[in-house]
Structures are given as structure tokens and as C-alpha cells.
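Residues are numbered in our numbering as their position in the sequence shown, beginning at 1, plus a constant of 818. Glycine included, every Cβ here is placed at the ideal spot set by N, Cα and C. So the structure is just underneath, and the comments pick up after that.
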Amino acid sequence: MDLSKNRKIIKTNDGSHTLVVPELNEHYHSIHGAVNEANHVFLKMGLDEFMKQKASLVNVFEVGFGTGLNALLSAKWAKINSCNLHYTSIEKYPVSKEEFDQLNYGISVNEIEIYEKIYSTPWNELNKVSKSFYLKKLNLDILKDVLPGGFDVVFFDAFAPNKQPELWTVSVFKKMYEIMNKNSLLVTYCCQGQAKRNMIEAGFSVEKVPGPPGKREMLRARKL
Ligand SMILES: C[S@@+](CC[C@H](N)C(=O)[O-])C[C@H]1O[C@@H](n2cnc3c(N)ncnc32)[C@H](O)[C@@H]1O
């Protein structure tokens, strides 16, 4: 099934946009606020936590590049925290230019420039987006393709387990475990018990941490 064919754009509760996939009845982000959710799950619980190790370069791997919102917020984070990010993101169904042009995250003119660079940067090669943010977008399928390795923080931003259960299996989490460095983190908005058990079986040490607006908890997994 091609999940990119019938996508629609809708507004979330913080005014920011997200995409909806009618075939799965699934949103790309929380309807409680796309920007709020991404800032909490990936930046606060992921990057801020990893920075307790005081790294000057962090290698990030994202599952599901989607609209590029997480990449944009991460580029902002890198600048504010004076930290270099090498951000690798995989996507099976890239967002079209027409869809991208309609997305609105209430961002400043300066950020629009970065966002456009993030979108237009060529696929399958490492590119400099800003002084502290390098991006490699890979048009890959997490289930079928061989992935690069050496990551410190994984943003596991797949569609929910009840919509795409094949992405939340022990074998996918083993694949994540293998591409991650020692003392690294995987964060996801999801808090499902089976997903947690699958992460543990794959080798991770997993904790429940406070979730974004509208969600009590989320999962954070560590490769020790
Ligand atoms: C929740 S959305 C990601 C949102 C994104 N991180 C953002 O900032 O907009 C999930 C993404 O996973 C992608 N996806 C679905 N199946 C995939 C697969 N097998 N391999 C790689 N990506 C996949 C979808 O196309 C979608 O873009």
C-alpha cells in the first residue's frame, strides 16, 4: 500500500499543521500540537538527556523523516545548545513539494530558510544545512534495507503500533540496537506495553518517562 497517495493536511491544537494518512486513519503528529509533541519527545527527553554526557557532536537517527519537523526543531536545538548534530533520517514515502509548501509551523523567516533547506537538500548524501546541523536523508525502508550505524540518539517516530505493527517488532528494535553506539538512547512518543517488551527483548533497558501534552507517558530505551 502506498501511504503517500491520499495524504491530507490538517491543523493541530497548537495551530501547527500535520498530515493525515486516510488508509491508516493516522496522523503524522499529535493533534494536541505537532510542535509541542516533537519538542518534548525528541528534544527534551532525547537530546537534552543525551547532553548530560556533555557531547560536542551527536549522531541522530530518525525513523520517518515525514514533514521534516523533527529535523527543523533539531537544527534549532543544535544552534541554541552550541552542539553539532549529524542527523540521518530514513523515509519510505517522501512528502511532495506541493504538500511541503502548504505546511505551516508558525516559524520565523529565519527558520523558514532552514526548513526549506532541510526539504530541498538532496537525498542519499550528507549535506550542511547550517553551521551546527548536517543532514542525510535516506530514501529507505526500515524493514527491508540495510541501515548505516554509529548513532547516539534514535528518534523512533514511526506510525503507532496499532496502525503499523510490523514496525514495532523485536526484529526492528534489534536492528535499531545494532546501529546504536554504547550509552545511547532511543525515544518514542509511544507507551504501549508490547512495544516496551519488544524493546527489552531486543536488548534495551527501558523506562517510562512523562509524555507530551495529551499523553501521560512515553518510552525511553537505553543501550548500555
Ligand atoms: C509519524 S510519521 C513521522 C513524522 C516525522 N518525523 C515528522 O517530523 O514529520 C511516520 C513516518 O514513517 C514513514 N514510514 C512508514 N513506513 C516506513 C518504512 N517501512 N520505512 C521508513 N519509513 C516509513 C511514513 O511515511 C511517515 O513519514
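Query: Which class does HIS847 belong to by DSSP, given the choice of helix, strand or coil?; Result: coil
Query: Let me make sure I understand the geometry here. Which of LEU944, TYR846, HIS850 has the alpha-carbon closest to that of PHE974?; Result: TYR846
Query: For LYS823, count neighbouring Cβ atoms within 10 angstroms of its own Cβ and tell me buried if that reaches 16, exposed if not.; Result: exposed
Query: So is the beta-carbon of GLY882 under 6 Å away from any non-hydrogen atom of ligand 1?; Result: yes
Query: Taking only three categories from DSSP, how would you classify VAL1028?; Result: A small fix is needed here, since residue 1028 is Pro in this sequence, not Val. In this structure, PRO1028 counts as strand in the three-state DSSP scheme.
Query: Kindly list the residues whose CB is nearer than 6 Å to the CB of ILE1018, restricted to its own chain and excluding five residues on each side of it in sequence; keep chain order.; Result: VAL1024
Query: Hey, LEU921 and ILE827 are a contact pair by Cβ (cut 8 Å); roughly how many whole angstroms apart?; Result: 7 Å
Query: So what does DSSP say about LEU944, is it helix, strand or coil?; Result: strand
Query: Does at least one heavy atom of ligand 1 sit under 6 Å from the Cβ of GLU909?; Result: yes
Query: Beta-carbon within less than 7 Å of ALA896's beta-carbon, same chain only, minus the 5 sequence neighbours each way: which residues are those?; Result: ASN902, LEU903, SER950, PHE951
Query: How far does the alpha helix (DSSP H) with SER989 in it reach, from first residue to last?; Result: 988 to 997
Query: Here's the rule: buried if 16 or more other CB atoms are within 10 angstroms of the residue's CB, otherwise exposed. What is SER900?; Result: exposed
Query: May I ask you to verify whether the region 832 to 846 touches the region 977 to 994, counting CB pairs closer than 8 Å and requiring at least 3?; Result: yes
Query: Curious, which full-length beta strand (DSSP E) runs of at least 3 residues does the region 830 to 889 contain?; Result: 835 to 839, 875 to 881
Query: Closer than 6 Å: is that where the CB of ILE997 sits relative to any heavy atom of ligand 1?; Result: no
Query: Check whether the region 960 to 969 touches the region 856 to 869, counting contact only when three or more Cβ pairs, one atom from each stretch, lie closer than 8 Å.; Result: no
Query: Do THR885 and ligand 1 come close, with the Cβ less than 6 Å from some heavy atom?; Result: yes
Query: Considering only residues of the same chain and omitting the five flanking positions on each side of GLU996, which have a CB-CB separation below 8 Å?; Result: GLY967
Query: By the three-class DSSP mapping on this structure, what secondary structure does ALA893 have?; Result: helix
Query: Looking only at DSSP bridge pairs, what is VAL973 linked to?; Result: Note on identity: in this sequence residue 973 is Phe, with Val being the wrong assignment. The partner list for PHE973 (beta bridge, DSSP) reads GLU880, VAL1005.
Query: So, for GLY882: in the same chain, excluding its five sequence neighbours on each side, which residues have a beta-carbon less than 7 Å away from its beta-carbon?; Result: GLU909, ASP975, ALA976
Query: Please determine whether the Cβ atom of ILE936 lies at a distance below 6 Å from any heavy atom of ligand 1.; Result: no
Query: Please classify VAL927 as buried or exposed, where buried requires at least 16 other C-beta atoms within 10 Å of its C-beta.; Result: exposed
Query: Kindly list the residues whose CB is nearer than 7 Å to the CB of ASN857, restricted to its own chain and excluding five residues on each side of it in sequence; keep chain order.; Result: LEU891
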